[in-house]
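First comes the structure, then the notes that go with it.
In UniProt numbering, the protein residues as written are 1 to 156.
Set out below in structure tokens:
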């Protein structure tokens, strides 16, 4: 069983936008192409933490930074664990940007994930916003050892 009725490879124009955002993120983070995925994620974690401490609270700013950092976070997951970009949704018009695990068991909306953290919406059990950038990255390493009931189970 699958969660989404529309499942497609990433459209070429969107894939190019993602590559552009990734390059922008590397520059913003002071990262080099030789940095490991874990090193890049550590830089994303620190940048997100700095933003949360000093951020303006502007939702547009949080979204813009979330998209840029989300592309870099996703590319790090792809490089580290073999995930891939996909376009998932109910229809092609409503499809969103996801990364998908090698066996299609799990998916993550990385742009939403980072934007949610930066906008203060990633609340934990204590009711406070949590910067889970590193936590989720580390959890994804062996996540496919547990097979869910449905393909494309969302994690974020």
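The beta carbon of each residue, even a glycine, is placed where N, CA and C say it ideally should be.
Contact annotation, residue 47 with residue 69: C-beta distance approximately 7 Å; criterion of less than 8 Å satisfied. Judged by beta-carbon spacing, residue 38 lies within the 8 Å limit of residue 80, meaning their Cβ atoms are closer than that value. Annotated three-state conformation of residue 89 is strand, per DSSP. The beta carbons of residue 65 and residue 43 sit no closer together than 8 Å. Exposed is the label assigned to residue 138, since fewer than 16 other Cβ atoms lie within 10 Å of its Cβ. A residue is called buried once 16 or more other Cβ atoms fall within 10 Å of its Cβ, and residue 142, having fewer, is exposed. If you draw a 10 Å sphere on the C-beta of residue 123, you find fewer than 16 other C-beta atoms in it, and that means exposed.
Of 76, 11, 17, 148, the smallest CA-CA separation from residue 34 is found for 76. Cα atoms of residue 140 and residue 133: separation of roughly 11 Å, rounded to the nearest angstrom.
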